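Below is one structure, written out as structure tokens; comments come after it.
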Amino acid sequence: MDAVRLVELNAAYARIIDNERYEEWPGLFHDPCLYKVTTAENLATGLESGIIYADSRGMLEDRISALRQANIYERQRYRHIVGLPVVTTHSQDVAEVETSFLVVRIMRDGKMELFATGCYRDKVKPDANGALRFVERIVVCDGGRFDTLVAIPL
Amino acid sequence: MDIGHHEPTADGQHGGWPEDSLARVPYWVYQDADNYARELQRLFEGATWNFVGLEADIPDKGDYRTNHVGSLPVIVVRDADGAINCFENRCAHRGALIAFDDGGNVQNQFKCIYHAWSYDLCGNLRGIAFEHGINGIGGMPKDFRRERFGPRKLRTTTLGGLIFATLSSDTPPIEEYLGAEVLGRLKRVMNRPIKVMGRFVQALPNNWKLYVENVKDTYHASLLHLFFGTFRITRLTQGGGVLVSPDGGHHASYTIDKAEDAQTTAYRDQGIRTEKQDYKLADPRLLDTVEEFGDRIQLQILSVFPALIVQQIYNCLAVRQVVPTGVDSMELRWTYFGYADDPPEMTKRRLRQQNLVGPAGFVSMEDGCVGGFVQRGIAAAGEQVSVIEMGGHGAESQATRATEASVRGFWKAYRHHMGY
Numbered sequence: 014m015d016a017v018r019l020v021e022l023n024a025a026y027a028r029i030i031d032n033e034r035y036e037e038w039p040g041l042f043h044d045p046c047l048y049k050v051t052t053a054e055n056l057a058t059g060l061e062s063g064i065i066y067a068d069s070r071g072m073l074e075d076r077i078s079a080l081r082q083a084n085i086y087e088r089q090r091y092r093h094i095v096g097l098p099v100v101t102t103h104s105q106d107v108a109e110v111e112t113s114f115l116v117v118r119i120m121r122d123g124k125m126e127l128f129a130t131g132c133y134r135d136k137v138k139p140d141a142n143g144a145l146r147f148v149e150r151i152v153v154c155d156g157g158r159f160d161t162l163v164a165i166p167l
Numbered sequence: 025m026d027i028g029h030h031e032p033t034a035d036g037q038h039g040g041w042p043e044d045s046l047a048r049v050p051y052w053v054y055q056d057a058d059n060y061a062r063e064l065q066r067l068f069e070g071a072t073w074n075f076v077g078l079e080a081d082i083p084d085k086g087d088y089r090t091n092h093v094g095s096l097p098v099i100v101v102r103d104a105d106g107a108i109n110c111f112e113n114r115c116a117h118r119g120a121l122i123a124f125d126d127g128g129n130v131q132n133q134f135k136c137i138y139h140a141w142s143y144d145l146c147g148n149l150r151g152i153a154f155e156h157g158i159n160g161i162g163g164m165p166k167d168f169r170r171e172r173f174g175p176r177k178l179r180t181t182t183l184g185g186l187i188f189a190t191l192s193s194d195t196p197p198i199e200e201y202l203g204a205e206v207l208g209r210l211k212r213v214m215n216r217p218i219k220v221m222g223r224f225v226q227a228l229p230n231n232w233k234l235y236v237e238n239v240k241d242t243y244h245a246s247l248l249h250l251f252f253g254t255f256r257i258t259r260l261t262q263g264g265g266v267l268v269s270p271d272g273g274h275h276a277s278y279t280i281d282k283a284e285d286a287q288t289t290a291y292r293d294q295g296i297r298t299e300k301q302d303y304k305l306a307d308p309r310l311l312d313t314v315e316e317f318g319d320r321i322q323l324q325i326l327s328v329f330p331a332l333i334v335q336q337i338y339n340c341l342a343v344r345q346v347v348p349t350g351v352d353s354m355e356l357r358w359t360y361f362g363y364a365d366d367p368p369e370m371t372k373r374r375l376r377q378q379n380l381v382g383p384a385g386f387v388s389m390e391d392g393c394v395g396g397f398v399q400r401g402i403a404a405a406g407e408q409v410s411v412i413e414m415g416g417h418g419a420e421s422q423a424t425r426a427t428e429a430s431v432r433g434f435w436k437a438y439r440h441h442m443g444y
């Protein structure tokens, strides 16, 4: 799989979230899919839970509806810095890809802080139009500790 | 924050407790460093049962986990007889942590890495490196008595797979400590072997009591947490109430559904229908719930004084441990679990419903920030009071959730232990 296309997919993902265009985020996934936010330790010890767990595009949409309409939190946004993707396996159309990330959270009052680092473990394949989309994105956070709350997807 | 002009005294007269009412709480209790130190000593290290882990985490001999009782670091370990021991995670020699990982297996002994002093699985000091020196020179004095030194030992007890520890010899048996009503509600959930599904830590910018009060506050749930309301899931048919233990410290709040609403399809049909807006769940499987306790209680939040919460929200089960880390900071340690005999579809259901709770939970996210809002709001109000009067002034069980009875219960137990 062409590394440039994976870089573009990751860049589009980060740009959508960082520019608060959350409604476009579910469109980067196939349906069904798996999006999960977990930690390196849970992964290492075989624990399946995530703090976010969505196995359909509908569940991703519900995440966004909730953060827009229902959930209450102090105004904040993210800045993603995403590393270069490494294709670990490639079979038929599906590539398994790992990409490191760093997310800075910018609060209402201007405070900027390192909010999360980790690795995206992805399964990626083209959709019917040939655009690369996530079959799976497991967000493996390096630390097991989340400050205050996680409203916006990582 | 420095509010050093408030000098606490043994009777809590700080500016003092404003009046002899459970419905008024002075804000200095969330701010004062001396009061915080007194809490660690009198609550966490006092005559209370503190949650320190799950039996499921340490099934075999030598399995251990590290944890905290307030600020006290502890080791919880299963010994050769299958018993569970808990002792201070502090080497008798120079005070270093004896175990510095989250857990593991140690076979027969712990060995401090600093000078290789070793401890058996009961926390007894067993080995001292170079105790007799080298070639007769150096080493420990001949009259050194090993048995006089060692980390402090805590008594342990287990209940439904939960492990509790106490430093005090006065703490009553756990069943008596909880009282019959709350005990029954705890056994309802912890009714058979569990399996841990995930662990997460949430760092909260507030005094630990603000979170514990929030958990006990049945009044806020439908007002702060708009997820259910926005998606038209809350129903007027729901009944519920709150049980408060006689000492006030423990509680169980519950939501019970009418029989005709208990089935999944009725839940979906009614819950997802919108009235004013077109908000609805795109994927209603989030709330695809099955009745697993046979009592139509959809939601039960239970607390054990001072710092444990056991939750059942539909099929989403978790324990939450409150760990104070300073006057205005705490950790909330989440352990999500299911039962050891869960079939795969139940595991999937729990994984989906876990979206409701935790640091990113649809219905618990706000609890992560609201304590910080209080902590910031009261910054200059140490001598002012909180008004906790919904449902009256008492701390008895009530058949409604529009009450702050269990919050007042917390303060009843708090003042008892603190001597206020």
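These protein sequence lines are chains R and H, in that order. Residue 167 is where the first sequence ends in my numbering, and the numbering goes up by one at each step. Residue 444 is where the second sequence ends in my numbering, and the numbering goes up by one at each step. Heads up, the beta-carbon is just placed ideally off N, CA and C, and yes, glycines get one too. These figures come from a predicted structure and were not determined experimentally.
Through-space distance from proline 83 (chain H) to arginine 216 (chain H), alpha-carbon basis:
15 Å
At 3 residues or longer, what runs of the beta strand (DSSP E) sit wholly inside the stretch 31-117 of chain R?
DSSP runs (the beta strand (DSSP E)) wholly in the stretch 31-117 of chain R: 42-52, 65-67, 89-95 and 99-104.
For alanine 61 (chain H), which of helix, strand or coil comes out of DSSP?
helix
What is the residue span of the beta strand (DSSP E) that isoleucine 198 (chain H) lies within?
It is not in any beta strand (DSSP E) - isoleucine 198 (chain H) instead sits in the alpha helix (DSSP H) that spans 198-202.
Using the C-alpha atoms, what's the distance from valine 107 (chain R) back to valine 5 (chain R)?
Given a span of 14 to 167 for chain R in the structure shown, any question on residue 5 (chain R) remains unanswerable.
Identify every run of the alpha helix (DSSP H) within the stretch 368-424 of chain H, keeping only runs that are complete inside it and at least 4 residues long; order them along the chain.
368-377 and 389-401
From R:Ala83, R:Asp140 and R:Met120, residue whose alpha carbon lies closest to that of methionine 389 (chain H):
R:Ala83
Comparing C-alpha positions only, which one of H:Gln65, H:Thr182, H:Gln335 and H:Ile333 sits nearest to valine 101 (chain H)?
H:Thr182
Run through DSSP, which three-state label would methionine 125 (chain R) get?
strand
If you check the beta carbons only, do isoleucine 65 (chain R) and asparagine 339 (chain H) fall under 8 Å apart?
no
I need the DSSP call for aspartate 293 (chain H), collapsed to helix, strand or coil.
Only weak support is given to the placement of aspartate 293 (chain H): the predicted model assigns it a pLDDT of 49, under 50, and the value that follows is read from those uncertain coordinates. Aspartate 293 (chain H) falls in the helix class under three-state DSSP.
Between the stretch 154-165 of chain R and the stretch 83-96 of chain R, can you find at least three pairs of beta-carbon atoms closer than 8 Å?
yes
For chain R, find out if any of its Cβ atoms is closer than 8 Å to the Cβ of proline 368 (chain H); answer yes or no.
no
Would you decide whether lysine 300 (chain H) is buried or exposed? Buried here means 16 or more other CB atoms lie within 10 Å of its CB.
Bear in mind that a pLDDT of 39 at lysine 300 (chain H), under 50, signals an unreliable position, so the number given afterwards is only what the model happens to contain. Exposed, because fewer than 16 other Cβ atoms sit within 10 Å of the Cβ of lysine 300 (chain H).
Applying a beta-carbon distance threshold of less than 8 Å, which residues of chain R neighbour valine 220 (chain H)?
Leu60
Under a three-way DSSP split, which group does tryptophan 41 (chain H) fall into?
coil
For tyrosine 48 (chain R), decide whether its Cβ has a neighbour in chain H, counting only Cβ atoms nearer than 8 Å.
No, tyrosine 48 (chain R) does not count as interfacial toward chain H.
Are at least three pairs of beta-carbons, each pair with one atom in the stretch 174-188 of chain H and one in the stretch 93-108 of chain H, less than 8 Å apart?
yes
Three-state secondary structure (DSSP) at asparagine 23 (chain R)?
helix
For chain R, find out if any of its Cβ atoms is closer than 8 Å to the Cβ of proline 445 (chain H); answer yes or no.
Any answer about residue 445 (chain H) is impossible in this case: the structure gives chain H only from 25 up to 444.
Would you list, in chain order, the members of the stretch 117-130 of chain R that have their beta-carbon closer than 9 Å to a beta-carbon of chain H?
none
May I ask you to report which of helix, strand or coil DSSP gives glycine 460 (chain H)?
One cannot answer for residue 460 (chain H) here, as it falls past the ends of chain H, which runs 25 to 444.
Chain-ordered neighbours of proline 229 (chain H) on chain R, where CB pairs are closer than 9 Å
Asp160 and Thr161
Name, please, each residue of chain H whose Cβ falls closer than 9 Å to the Cβ of glutamate 87 (chain R).
Cys393, Gly396 and Phe397
Neighbourhood of alanine 22 (chain H) by C-beta distance below 6 Å, restricted to the same chain and skipping five residues each side
Outside the displayed range of chain H (25 to 444) lies residue 22 (chain H), so it cannot be described from this structure.
Determine the direct distance from the alpha carbon of alanine 144 (chain R) to that of alanine 25 (chain R), and round the result to whole angstroms.
If I take the Cα positions, the gap works out to 12 Å.
Under a three-way DSSP split, which group does valine 314 (chain H) fall into?
coil
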